[in-house]
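Engineer:
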Amino acid sequence: MKKQYDKKRVVLNLILIAASVALLIYANENMSFYSKRIINLCAVYAIMGLSMNLINGFTGMFSLGSAGFMAIGAYAVAIFTVPVDVRAEVFYLQPMWPLIANIHIGFLPAMILGGFLSAIAAFLIGFPVLRLRGDYLAIATLGFSEIIRIAFTNLQTVTNGPLGIKYIPSFDEIWWPVGVAIVTTVFMFLLIKSTYGRAFKAIREDEIAAEAMGINLFKHKMLSFVISGFMAGMGGALMAGILGTIDPKQFLFTLTYNFLLIIVLGGMGSISGTIISSVIVTAGLEWLRIADEPMIMFGYHIPMFRPGFRMVVFSILLMAIVLFFSKGLMGTKELSWELLGNWYKRQRARFIKKDPSLKGGGSK
Amino acid sequence: MDFPTFFQHLSNGISLGSLYALIAVGYTMVYGILRLINFAHGDIFMMAMYFAFFSITLFHLPWYIAIVVVILITSVLGMLIEAAAYRPLRDAPKTSVLISAIGVSFLLENLATYIFSGKPKSFPEFTYMTSTVQFGPVSVQRVSLLTPVVTLAALAILLYIINRTKLGMAMRAVSKDYETARVMGIKINRVIAATFAIGSGLAAIGAIMWGVKYIRIEPMMGVMPGLKCFIAAVIGGIGNPVGAVLGGFILGMGEVLLVAFISQLTGWRDAFAFVALILVLLIRPTGIMGEKTTEKV
Amino acid sequence: MNQALKTMVPVLETKNITMRFGGVVAVNDLSIQVNQGEIVALIGPNGAGKTTAFNVITGVYTPTSGDVLLKGESITGLLPDKITQKGVARTFQNIRLFKNLTVYENILIAKHLRFKADFMSATLQLPHARRMEKQMHTDTELLINRLGLQSVKNEIASSLPYGQQRHLEIARALATEPELLLLDEPAAGMNPQETDELTAFIREIKNEYNLTVFMIEHHMDLVMEISDRIYVLDFGVLIAEGNPDQVQNNPKVIEAYLGVEEDA
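Residue numbers (our numbering), protein chains in the order written: chain A, 210 to 573; chain B, 12 to 308; chain C, 3 to 266.
#1: Could you pull out every residue in the same chain whose Cβ sits closer than 6 angstroms to the Cβ of Ser26 (chain B), ignoring the five residues on either side in sequence?
#2: Here's a check: name, in chain order, each residue in its chain whose Cβ is nearer than 8 angstroms to the Cβ of Pro252 (chain B), leaving out the five neighbours to either side.
#3: Taking only the alpha-carbon atoms, compute the straight-line gap between Ala408 (chain A) and Ile480 (chain A) and give it to the nearest angstrom.
#4: By the criterion of Cβ-Cβ separation under 8 angstroms, what are the contact partners of Val115 (chain B) in chain A?
#5: Measuring only between beta-carbons, confirm whether Ser572 (chain A) sits less than 8 angstroms from chain B.
#6: What residues in its chain sit with their C-beta under 6 angstroms from that of Asn18 (chain C), if we drop five residues either side in the sequence?
#7: Cβ of Met226 (chain C) within 7 angstroms of any heavy atom in the ligand COA?
#8: Note down, in chain order, all residues in the segment 336-350 of chain A with a beta-carbon under 7 angstroms from any beta-carbon belonging to chain B.
#9: At 7 angstroms on the CB atoms, spell out the chain B contacts of Ser535 (chain A), in chain order.
#10: Out of B:Met300, B:Tyr75, B:Tyr125 and B:Trp74, which one is the CA nearest neighbour of Gly254 (chain B)?
#11: Anyone know if the C-beta pair for Ala159 (chain C) and Leu176 (chain C) falls short of 8 angstroms?
#12: At 9 angstroms on the CB atoms, spell out the chain A contacts of Met138 (chain C), in chain order.
#13: Under 9 angstroms, CB to CB, which of the residues in the segment 245-258 of chain C have a partner in chain A?
#14: Rounded to whole angstroms, what is the Cα-Cα separation between Met210 (chain A) and Val219 (chain A)?
#15: Using 8 angstroms as the cut-off, can you tell me whether the segment 78-94 of chain B makes contact with the segment 54-62 of chain B, which would need three or more C-beta pairs spanning the two stretches below that distance?
#16: Please return the same chain residues whose Cβ sits closer than 7 angstroms to the Cβ of Met138 (chain C), not counting the five positions on each side in sequence.
#17: So what does DSSP say about Glu75 (chain C), is it helix, strand or coil?
#18: If we cut at 8 angstroms on Cβ distances, does Met504 (chain A) have a partner in chain B?
#19: Between the alpha carbons of Asn262 (chain A) and Glu107 (chain C), how many angstroms are there, rounded?
#20: Using a Cβ-Cβ cut-off of less than 8 angstroms, give me the residues of the segment 437-469 of chain A that come near chain B, in sequence order.
#21: State the beta-bridge partners of Met21 (chain C) as determined by DSSP.
#22: If you draw a straight line from the C-alpha of Leu579 (chain A) to the C-alpha of Val490 (chain A), how long is it?
#23: Just to confirm the assignment, what range does the beta strand (DSSP E) spanning Ser150 (chain B) have?
#24: Are Ile471 (chain A) and Gly315 (chain A) close, meaning C-beta to C-beta below 8 angstroms?
#25: Do you know whose CA, among C:Val239, C:Val249 and C:Gly238, lies nearest Ser229 (chain C)'s CA?
#26: Would you mind listing the beta strand (DSSP E) stretches within the segment 491-543 of chain A that are 3+ residues and don't spill past its ends, in chain order?
#27: Since Thr143 (chain B) is in the beta strand (DSSP E), which residue starts that stretch and which ends it?
#28: For the beta strand (DSSP E) that Asp186 (chain C) lies in, which residues bound it at each end?
#29: Using a Cβ cut-off of 8 angstroms (strictly closer), state whether Thr124 (chain B) contacts chain A.
#30: Under a three-way DSSP split, which group does Asn37 (chain C) fall into?
#31: Over the uninterrupted beta strand (DSSP E) stretch that includes Phe216 (chain C), give me the two end residues.
#32: Would Val234 (chain C) and Ala258 (chain C) qualify as a contact pair, given that the criterion is a beta-carbon distance under 8 angstroms?
#33: Please state whether DSSP places Ile294 (chain B) in a helix, a strand or coil.
#34: Run down chain C in chain order and give the residues with a C-beta less than 9 angstroms from the C-beta of Ile417 (chain A).
#35: Any chance you could list the alpha helix (DSSP H) runs of at least 4 consecutive residues sitting entirely within the segment 343-418 of chain A, in chain order?
#36: What is the C-beta distance between Ala347 (chain A) and Leu119 (chain B), in whole angstroms, given that I count them as a contact (C-beta under 8 angstroms)?
Now the structure itself:
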């Protein structure tokens with residue numbers, strides 16, 4: 210019985226993968242620059258959402274440091290991938306620090322470097338802050354995120370200060386962001402499925418009991434924090450590669466709220482929920498741009514639609530989810546064929562109840 | 012640095028510190044009762060400044076009426092936020108309430124940007140208050156002299172309310188043991204609403220003086236002072252109003268004097284509070300005047 | 003039957019431990035000894051410092067002074083997880099299960115401390131990690147079947163009836179493969195029938211897994227029936243020790259529980 214079901218699942222998974230790959234190739238070939246950028250942003254937001262969910266949803270710590278870790282990754286790419294010959298033009302106020310002025314590496318090593326630097330930062334920050342509980346941890350991580358940003362604003366010869374860095378070689382294809390997002394997702398699934406993932410969940414459920422079961426709290430919290438930092442660094446690196454220009458203002462701690470919305474909407478402690486909601490939020494934010502444009506309906510100019518309205522709607526949505534759907538889309542569940550199957554059956558049952566004539570029509 | 016310059020900086024530090032203190036009290040009171048970082052508090056402060064701006068420029072209220080009106084409206088705003096965003100989550104996990112607080116903060120910022128536009132406005136000029144008094148070689152703005160006085164007076168009134176009135180007793184009971192207070196027949200929601208009203212009112216007083224002194228108003232201006240004042244409350248020992256005032260003074264003076272003495276650190280000014288926070292959390296997590304609590308196993 | 007008295011190998015010793023919280027002395031100069039294979043109970047009125055003593059032994063608190071020895075080796079001041087790794091497992095007065103996880107996961111998590119591969123090998127399912135993971139599942143299945151939890155294996159822990167949650171908490175403690183099991187009021191809130199079942203259960207697992215048991219308990223029926231020896235704590239001070247008969251007839255104990263006669 211079970212074997213048969215597994216086979217069915219493998220087939221379904223293969224179909225899904227094939228369909229996704231085909232769709233992505235199609236998208237990459239035929240979509241406009243703008244649409245591809247949205248896909249890329251979705252991918253980065255998915256990575257950031259996963260990074261944040263690992264700490265907040267799976268390990269039960271409330272961290273608000275994502276923006277800072279993202280900045281580290283983004284600057285690693287910005288500093289090391291800008292071609293050497295245009296650097297003088299970028300750093301026109303003060304020349305670049307001679308030690309790094311001539312180091313140039315490709316995007317992939319820069320991205321990985323960004324991940325590692327961010328992970329190292331997480332490790333160093335983790336020592337003082339991971340002993341803190343709940344909201345204290347939130348404010349301390351937020352503080353570190355700001356300190357990182359302030360440092361980048363002031364390290365003129367390394368980061369070009371508040372002016373930011375431009376001429377970062379950017380890509381208009383979707384392979385880097387989407388590829389990294391897929392790898393990250395698979396990695397997260399495996400990690401959470403492993404005994405370490407279960408230890409994280411144990412800490413989320415009850416720290417004291419977890420410790421009494423022989424789980425070293427500090428070590429595991431640190432592990433989760435560092436892995437999350439690595440992911441956020443990669444996310445930032447991709448962001449720099451997508452935008453081509455970065456400055457410290459982009460990494461204000463309010464950026465973290467976007468990722469917070471994603472994990473709250475998707476479900477704290479759900480990987481698939483994070484992916485779904487990162488698409489919804491990113492695409493939604495783009496779509497909501499119409500809210501910032503003047504709108505004319507039936508010949509009337511609707512006064513509400515003007516710049517700024519988009520973010521108002523966005524924040525009201527965040528509030529509504531917290532207040533009325535605190536579990537988000539998925540809660541701590543994962544999307545699976547079983548779940549979809551059950552949902553389909555339930556919907557069908559409801560349908561049939563309403564209209565009994567359909568009963569014979571269903572297969573099997 | 013010569014003496015007059017030092018004194019100049021010191022008076023700036025004291026006046027900034029007393030403004031921080033007024034806002035920090037709001038954080039500490041809410042935390043004491045709900046164990047919640049009211050992320051929206053800094054934005055309530057920002058809204059108060061816009062209220063003051065409009066009541067003077069748009070409605071041409073004389074300043075003494077404007078002050079009262081602004082304090083009242085801000086208090087009502089604080090209570091509304093509590094009722095809409097925190098009360099429904101009374102029995103929800105702490106994280107949900109914290110996220111809700113972040114949501115409110117974000118909403119207020121975006122709402123302010125939308126309604127008042129992101130462009131900075133100038134607070135109505137208050138020549139008497141911004142004019143200076145000479146103390147020998149040192150000149151100090153009148154508002155800078157006024158702020159510490161107002162802050163200490165507000166603290167005195169607050170301590171009277173907390174220690175000598177029935178409302179204060181209820182507040183102390185709720186902050187000690189929420190459940191028991193509820194069982195003892197204390198109307199929790201009313202006490203919490205009063206706490207928000209008082210905290211927001213103090214933020215409004217701070218906002219008016221801030222506006223007079225620093226003039227510039229913009230939608231995101233509550234963010235940094237908000238964070239710093241929460242940090243001030245932590246430094247002083249969260250839950251303790253005297254500690255919050257102390258923390259506010261320490262932070263305000265530290266920030267101003269640090270930059271005054273080491274001018275290379277000007278760009279790092281905002282990082283000072285965060286560094287201070289992390290040091291305090293490491294060395295003495297309960298802050299200067301906080302009580303030690305241990306979790307029951 | 004009382005083999006414990008014959009062998010007398012101390013598993014747990016506390017030497018003059020004192021635990022102070024500010025001005026309050028919760029445990030004062032407590033010295034006890036629990037020998038291999040014994041079931042020893044720690045009793046005393048509410049607020050006597052029993053749970054504090056447990057928390058000191060399991061590393062939740064570091065004692066203000068004194069020493070805790072496990073098989074002769076000092077474990078004073080070690081973190082709880084280290085102490086658990088050394089073979090001490092515990093349950094809690096107010097049940098602390100991983101509430102939103104299944105019974106199976108609760109027990110599986112308690113096997114984590116015996117997992118010796120790093121997170122990368124575990125995530126990437128490298129052969130040695132895979133082997134250990136498989137072993138964890140086998141052991142968990144075995145324990146679940148052995149302790150009669152198979153019918154609720156996939157239930158969420160918090161959905162179990164109260165008695166069964168207590169049962170699961172003990173099972174989870176056993177999964178860490180302890181030599182010494184500390185039970186903090188295992189029969190709290192149980193009716194007489196459940197208490198009887200629990201008594202039998204504790205005896206059974208003690209023999210099956212070669213355990214030494216140290217427990218806090220208020221149900222005197224259970225304590226008197228099951229314990230080899232009893233320590234009595236009052237206001238943080240040890241006031242009596244001995245076998246159930248000796249303790250039952252000790253005037254000091256009667257006084258602590260019932261108050262001095264003149265007062266009554």
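Cβ atoms here follow ideal geometry from the backbone N, Cα and C, with glycine treated the same way.
Structural biologist: Let me lay it out:
#1: For Ser26 (chain B), where only same-chain residues beyond five positions count, the Cβ hits under 6 angstroms are Ser155 and Thr158.
#2: Closer than 8 angstroms at Cβ, skipping near neighbours: Val36, Thr39, Met40, Leu166, Leu169, Leu170 and Ile173.
#3: Spanning the two alpha carbons is a distance of roughly 17 angstroms.
#4: Going along chain A in sequence order, the residues near Val115 (chain B) (Cβ under 8 angstroms) are Met528.
#5: Since pLDDT at Ser572 (chain A) reaches only 42, below the 50 mark, its modelled position is unreliable, and no value is offered.
#6: The answer, listed in chain order, is Asp31, Ser33 and Gly68.
#7: Ligands in the displayed structure: none, and consequently the ligand COA is not present.
#8: Those residues of the segment 336-350 of chain A that come within reach of chain B (Cβ to Cβ, closer than 7 angstroms) are Pro337, Leu341, Gly343, Asp344, Tyr345, Ala347, Ile348 and Ala349.
#9: Near Ser535 (chain A) (Cβ distances below 7 angstroms), the residues of chain B are Ala103 and Ser107.
#10: Of the candidates B:Met300, B:Tyr75, B:Tyr125 and B:Trp74, the residue whose Cα lies closest to the Cα of Gly254 (chain B) is B:Met300.
#11: Between Ala159 (chain C) and Leu176 (chain C), the gap from beta carbon to beta carbon reaches 8 angstroms or more.
#12: Residues of chain A passing the Cβ test: Thr404.
#13: Per Cβ criterion, the list is empty.
#14: Because Met210 (chain A) sits at a pLDDT of 44, beneath the cut-off of 50, its placement in the model cannot be relied upon, and the following sentence gives the value as read from the coordinates. Going by the C-alpha atoms only, they are around 15 angstroms apart.
#15: The segment 78-94 of chain B makes contact with the segment 54-62 of chain B; the number of CB pairs closer than 8 angstroms reaches 3 or more.
#16: These residues qualify, in order along the chain: Leu110, Lys113 and Phe117.
#17: Strand, per DSSP.
#18: At a cut-off of 8 angstroms between C-beta atoms, Met504 (chain A) does not count as an interface residue with respect to chain B.
#19: The alpha-carbon atoms of Asn262 (chain A) and Glu107 (chain C) are separated by roughly 20 angstroms.
#20: So the close ones are Thr463, Tyr466 and Leu469.
#21: DSSP lists C:Val29 as partners of Met21 (chain C).
#22: This structure leaves residue 579 (chain A) out entirely; chain A is present only between 210 and 573.
#23: Its beta strand (DSSP E) spans residues Val149 to Gln152.
#24: Cβ distance not < 8 angstroms, so Ile471 (chain A) and Gly315 (chain A) don't count as in contact.
#25: Between Ser229 (chain C) and the set C:Val239, C:Val249 and C:Gly238, the nearest pair of CA atoms involves C:Val249.
#26: As for any beta strand (DSSP E) of minimum length 3 sitting wholly inside the segment 491-543 of chain A, the runs are 504-506 and 509-511, ordered along the chain.
#27: Its beta strand (DSSP E) spans residues Thr143 to Phe146.
#28: Here the beta strand (DSSP E) through Asp186 (chain C) covers Leu182 to Asp186.
#29: So yes, Thr124 (chain B) belongs to the interface.
#30: If DSSP states are grouped into helix, strand and coil, Asn37 (chain C) belongs with the strands.
#31: Element bounds for Phe216 (chain C): Thr214 to Ile218.
#32: Contact flag set, yes.
#33: The three-state reading of DSSP puts Ile294 (chain B) in helix, counting H, G and I together.
#34: Going along chain C in sequence order, the residues near Ile417 (chain A) (Cβ under 9 angstroms) are Val62, Pro82, Phe94 and Arg98.
#35: Here the runs fully enclosed are 343-363, 365-368, 384-402 and 404-414.
#36: Cβ-Cβ separation between Ala347 (chain A) and Leu119 (chain B): approximately 19 angstroms, too far for a contact (criterion under 8 angstroms).
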